[in-house]
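As you go down the protein sequences, you meet chains E and L in turn. If you're matching positions, the first sequence starts at 1 in our numbering and goes up one per residue. If you're matching positions, the second sequence starts at 1 in our numbering and goes up one per residue. Virtual Cβ for every residue (Gly too), placed ideally from N, Cα, C. First the structure, in the form of structure tokens, and then the observations on it.
There are 2 protein chains.
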Amino acid sequence: MDVEIMTIGDELLYGQVVDTNSAFMGQQLGRLGLRVRQITSVSDRADEIVAALDQARQRAKVILTTGGLGPTKDDLTKHVLARYFGRELVLHEPTLRHVEDIFKRFNRPMLDVNRQQAMVPEGTEVLHNAVGTAPGMWIEDQGTVFISMPGVPFEMKRLMTDEVLPKLQKKFDLAPIEHIVVMTAGLGESFLAEKIKDWEAALPSNIKLAYLPSLGSVRLRLTGTSDGQPDLRSRMLALLPALRERIGSYIFAEEDSPLEVVVGQILKTKNWQLGTAESCTGGAVAARITSVPGSSAYFRGSVVAYDNDIKEALLGVNAETLAQHGAVSEATVREMAEGARARLGCDVALATSGIAGPGGGTALKPVGTICIACATPSGTVSRQINIDRGRQTNIEYTAQAVLILLWQQLAGHKEAALLKV
Amino acid sequence: MDVEIMTIGDELLYGQVVDTNSAFMGQQLGRLGLRVRQITSVSDRADEIVAALDQARQRAKVILTTGGLGPTKDDLTKHVLARYFGRELVLHEPTLRHVEDIFKRFNRPMLDVNRQQAMVPEGTEVLHNAVGTAPGMWIEDQGTVFISMPGVPFEMKRLMTDEVLPKLQKKFDLAPIEHIVVMTAGLGESFLAEKIKDWEAALPSNIKLAYLPSLGSVRLRLTGTSDGQPDLRSRMLALLPALRERIGSYIFAEEDSPLEVVVGQILKTKNWQLGTAESCTGGAVAARITSVPGSSAYFRGSVVAYDNDIKEALLGVNAETLAQHGAVSEATVREMAEGARARLGCDVALATSGIAGPGGGTALKPVGTICIACATPSGTVSRQINIDRGRQTNIEYTAQAVLILLWQQLAGHKEAALLKV
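Structure, rendered in structure tokens:
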């Protein structure tokens with residue numbers, strides 16, 4: 001069954017806010033076996049919201065909207081929906097009490113605009129927003145379900161998980177779509193495609209393969225739709241051994257796991273402690289590692305040595321090495337990794353140093369010259385890479401590359417190349 | 001003049017990729033005075049792409065699409081466009097040479113699928129993709145301009161900047177929309193609205209105010225559309241002094257600058273060096289600071305002390321303080337900040353320690369208990385905050401909060417509260 005997502009707000013069209021809500025909703029709806037037919041972002045103008053609603057209901061039986069439910073003047077969604085369905089706004093008492101409770105709890109005076117958050121179009125089934133003042137709304141009209149949620153991501157997420165998904169699951173009952181994701185690193189999209197083209201060509205017609213390249217890795221996504229036979233998922237899983245035969249040494253996960261999760265699991269198994277010494281990544285590697293719940297079990301810490309003094313004082317990098325080879329050199333990152341391993345008291349340490357840009361490049365070491373290293377109990381490896389895609393991407397790619405290097409060491413693919421970018 | 005954005009790819013609808021391209025395009029188009037009427041994300045299915053194109057051309061004279069131009073089987077956009085406009089695919093020689101050059105440069109064998117990237121619908125004006133193998137395409141049909149770009153963000157950005165925007169600027173010539181963004185921190189959306197409601201009510205009808213709340217701050221965006229009179233921007237700027245009178249101590253920038261840029265500018269002016277000591281943020285504060293080009297001028301480094309040993313060994317936190325107050329305490333973060341200030345040799349240091357969750361909470365210190373500190377030459381301030389919105393948001397908010405605390409110290413708003421969340 002097809003559903004649609006509509007995100008409302010001028011800020012999305014002006015590009016002042018990235019629409020992350022749609023991706024979350026898409027993931028969750030897909031797991032229920034619902035197919036998102038289209039995602040539409042529209043302005044805060046009433047006529048444009050109405051036009052988009054009219055078109056969406058031609059395509060889908062369920063329309064989920066976010067945004068435009070705040071307390072300020074530019075938040076129109078509720079009024080538009082009431083007029084669109086020809087319904088009055090009425091007070092929803094439990095929501096009013098909930099809003100009052102929130103203001104009491106934070107000891108803040110309640111304003112009239114906050115009180116108005118408890119008004120909903122007549123006949124609305126209110127979806128309780130446990131973490132905010134704007135209620136979710138479920139409105140059925142001529143066979144279509146309209147769901148309205150606030151645009152604040154964590155409020156929308158709570159409402160989706162606690163209210164919307166269970167209600168959808170109850171109301172509709174469809175054969176699920178199955179996804180299997182295989183994560184690869186070290187080989188570009190077209191080279192992967194070449195290596196597995198016979199395997200891809202032999203896929204059954206109800207199973208589709210997509211290549212999702214991102215910086216330094218390619219995600220392969222198998223999507224299976226029901227062909228009426230049982231055990232769709234098991235039949236999809238049975239395709240994997242032949243895939244592994246072809247590209248096994250590039251596969252770091254057979255589920256949608258980022259590298260920081262995968263290396264964390266290996267470190268835990270080995271009972272190894274990790275640390276980082278970062279220059280050009282400025283803490284981004286440590287931040288990725290510690291984004292994983294429970295990472296304190298295997299992560300000791302990091303020295304972000306942005307200044308060369310810090311590389312010497314806190315990591316013990318030789319002044320001579322810095323003078324002779326420069327901060328951006330394999331010699332320096334090797335000493336940084338080894339210094340971090342010793343000073344942070346860990347089994348494995350990563351190091352990064354590079355010219356992220358836009359300034360700081362020279363003829364010999366242009367912007368995008370990056371060195372990375374990984375020190376383990378069996379020795380230190382290092383690589384020089386070159387990327388010039390703007391500061392932010394250079395930093396992100398460096399973090400990804402050093403995690404790939406770590407994974408290759410931990411998984412025993414020690415000779416593997418890093419993906420050329 | 002209205003334009004539309006269409007992003008193509010199943011991965012967007014499944015939520016496996018967040019659509020960041022639209023926001024970038026929206027920003028750039030807005031600066032040219034073009035209004036994005038709608039953003040639509042559609043699947044890789046030919047009939048659905050065609051249906052969306054049909055609707056988009058009813059609303060807008062320019063339609064920008066991204067995605068579906070890769071070398072693999074699931075990339076359909078080019079074939080769909082050729083069929084949609086009834087044109088043959090023809091070889092574009094300069095693109096073929098460009099693709100061949102890229103493969104030569106990286107010393108990789110060229111595959112037939114790569115060669116096919118040089119095929120474009122007849123009559124296409126090819127937009128040179130300097131950083132990738134899939135060319136951009138500009139196709140005019142019955143008064144509408146269709147622009148197709150690859151979905152890889154850095155390729156799309158290069159194409160927008162180098163090719164698409166200059167061509168649009170040349171072809172159309174319209175009165176610009178003006179935006180002024182005022183960044184605030186420390187006060188929630190409805191309280192800001194209350195403080196400025198008289199000012200907001202008195203805005204001229206061609207100037208619109210929007211509140212864009214994000215974690216720990218609220219962006220106010222004034223949008224002015226031309227009323228035929230000259231000097232729109234100056235008249236908008238003349239509204240700011242009255243705004244400052246009402247909420248001046250919460251305003252950290254009068255342009256769309258993130259806190260890390262604003263504090264960087266103040267640090268440079270003061271000629272002060274900054275460092276961080278991070279526990280629960282795991283390097284995220286340092287990563288934000290070093291995301292700013294030129295931050296090496298004022299950022300020395302960071303100690304990410306995830307393990308308590310590191311807090312003692314590298315930051316000199318007292319074992320007694322840790323034993324008596326715990327790692328998550330104002331006493332500990334104060335010592336961390338002061339330790340970082342001394343050991344990293346900087347003028348100002350920030351510190352964070354908290355229980356990001358989901359594990360690690362206790363009755364006395366539940367998940368979301370966060371302590372932050374800022375040590376400056378005139379002393380150390382600290383705050384305890386509480387937030388429980390999931391690990392990732394807790395970390396992001398902590399980074400934001402400690403940067404707000406830093407800004408308040410640097411800007412002299414030393415008694416200001418942190419925004420309650």
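Following the continuous alpha helix (DSSP H) through residue i, name the residue where it begins and the one where it ends.
i	result
K268 (chain E)	L259 to K270
H128 (chain E)	Counting along the chain, H128 (chain E) falls outside any alpha helix (DSSP H), and DSSP gives it neither H nor E.
G361 (chain E)	Taken as a continuous stretch (DSSP letters only), G361 (chain E) belongs to no alpha helix (DSSP H), as it is neither H nor E.
R98 (chain E)	The sequence shown places His at residue 98 (chain E), not Arg. From DSSP, the alpha helix (DSSP H) with H98 (chain E) extends over E93 to R105.
F172 (chain L)	Run containing F172 (chain L): none; DSSP gives neither H nor E here.
T191 (chain E)	Here the sequence assigns Phe to residue 191 (chain E), which means Thr is not the residue at that position. Note, F191 (chain E): alpha helix (DSSP H), E189 to K195.
E245 (chain E)	L240 to I247
A313 (chain E)	N308 to L315
With H, G and I counted as helix, E and B as strand and the rest as coil, what does DSSP make of residue i?
i	result
D2 (chain E)	strand
A323 (chain L)	helix
V62 (chain E)	strand
A46 (chain L)	helix
K73 (chain E)	coil
M160 (chain E)	helix
M432 (chain L)	The structure shown does not extend to residue 432 (chain L), since chain L spans only 1 to 421, so no value can be given for it.
D141 (chain E)	strand
T20 (chain L)	coil
V421 (chain E)	Residue confidence is low: V421 (chain E) scores 43 on pLDDT, short of 50, so the model does not pin down where it sits. Its coordinate-derived value is still stated next. Note: V421 (chain E) maps to coil in three-state DSSP.
G301 (chain E)	strand
A351 (chain L)	strand
L89 (chain E)	strand
P121 (chain E)	strand
M149 (chain L)	strand
Taking only the alpha-carbon atoms, compute the straight-line gap between residue i and residue j and give it to the nearest angstrom.
i	j	result
A349 (chain L)	E338 (chain L)	7 Å
I385 (chain L)	G368 (chain L)	8 Å
S422 (chain L)	Q324 (chain L)	Beyond the ends of chain L as shown, which are 1 and 421, falls residue 422 (chain L); an answer cannot be given.
L406 (chain E)	S353 (chain E)	16 Å
T66 (chain E)	T77 (chain E)	9 Å
M25 (chain L)	V145 (chain E)	32 Å
S382 (chain E)	A373 (chain E)	4 Å
V421 (chain E)	E4 (chain L)	Confidence is the limiting factor: at V421 (chain E) the pLDDT is only 43, short of 50, which leaves the residue's position unreliable, though a coordinate-based value still follows. If you take the alpha carbons of V421 (chain E) and E4 (chain L), they lie about 31 Å apart.
D309 (chain L)	T276 (chain E)	15 Å
G9 (chain L)	M183 (chain E)	18 Å
R31 (chain L)	E163 (chain L)	15 Å
Candidates the options: which alpha carbon is nearest residue i's?
i	options	result
L344 (chain L)	E:Q409, E:S226, E:N107 and E:A305	E:A305
V328 (chain L)	L:L220, L:A356 and L:V99	L:A356
L165 (chain L)	L:Q28, L:G361, L:I404 and L:R288	L:Q28
G326 (chain L)	L:I370, L:G283 and L:L91	L:I370
Q392 (chain E)	L:A287, L:K365, L:A411 and L:C374	L:A287
E155 (chain L)	E:L32, E:A401, E:G412 and E:R389	E:R389
D75 (chain E)	E:W138, E:G33, E:S148 and E:G86	E:S148
V262 (chain L)	L:P71, L:A118 and L:I404	L:I404
G216 (chain E)	E:I289, E:H128, E:Q400 and E:L13	E:Q400
H179 (chain E)	E:N129, E:K197, E:M236 and E:A331	E:M236
G186 (chain L)	L:P153, L:I251 and L:D256	L:I251
Considering just the uninterrupted stretch of the beta strand (DSSP E) at residue i, what are its terminal residues?
i	result
A253 (chain L)	I251 to A253
R389 (chain L)	Taken as a continuous stretch (DSSP letters only), R389 (chain L) belongs to no beta strand (DSSP E), as it is neither H nor E.
M336 (chain L)	Unbroken run through M336 (chain L) is the alpha helix (DSSP H), E330 to R343; no beta strand (DSSP E).
T290 (chain L)	That residue, T290 (chain L), is in no beta strand (DSSP E); its alpha helix (DSSP H) goes A284 to T290.
R221 (chain E)	S217 to G224
S214 (chain E)	I207 to S214
A373 (chain L)	T369 to T376
L32 (chain E)	That residue, L32 (chain E), is in no beta strand (DSSP E); it is neither H nor E in DSSP.
Is there a C-beta anywhere in chain C that falls below 9 Å from the one on residue i?
i	result
L232 (chain L)	Absence of chain C from the displayed structure is noted, the protein chains being E and L.
Verify the contact flag: residue i, CB atom, against every heavy atom of the ligand GDP, threshold strictly below 8 Å.
i	result
E11 (chain L)	With respect to the ligand GDP, the structure shown offers nothing to examine, as it has no ligands at all.
May I ask you to list, following chain order, the residues of the segment 261-293 of chain E that have a beta carbon less than 9 Å from some beta carbon of chain L?
Listed in sequence order: Q273, G275, T276, E278, S279, C280, T281, G282, G283, A284, V285, A286, A287, R288, I289, T290, S291, V292 and P293.
Which residues, taken in chain order from the segment 303-320 of chain E, show a beta carbon closer than 9 Å to some beta carbon of chain L?
Of all residues in the segment 303-320 of chain E, those with a C-beta nearer than 9 Å to a C-beta of chain L are V303, V304, A305, Y306, D307, D309, I310, K311, A313 and L314, reading in chain order.
Under 8 Å, CB to CB, which of the residues in the segment 386-407 of chain L have a partner in chain E?
Cβ contacts with chain E: R389, G390, R391, Q392, T393 and I395.
Quick one, which residues of the segment 15-36 of chain E are near chain L if we go by CB-CB under 9 Å, in chain order?
For the segment 15-36 of chain E, the set of residues with a beta-carbon nearer than 9 Å to any beta-carbon of chain L comprises G15, Q16, V17, V18, D19, T20, S22, A23, F24, M25, G26, Q27, Q28, L29, G30, R35 and V36, in chain order.
Pull out every residue of the segment 232-254 of chain L whose Cβ sits closer than 8 Å to any Cβ of chain E, in chain order.
The segment 232-254 of chain L vs chain E, Cβ under 8 Å: nothing.
Short of 9 Å Cβ to Cβ, which residues in the segment 33-57 of chain L face chain E?
Within the segment 33-57 of chain L, the residues whose Cβ lies closer than 9 Å to some Cβ of chain E are R35, V36, R37, Q38, I39, T40, S41, V42, S43, D44, E48, A51, A52 and Q55, listed in chain order.
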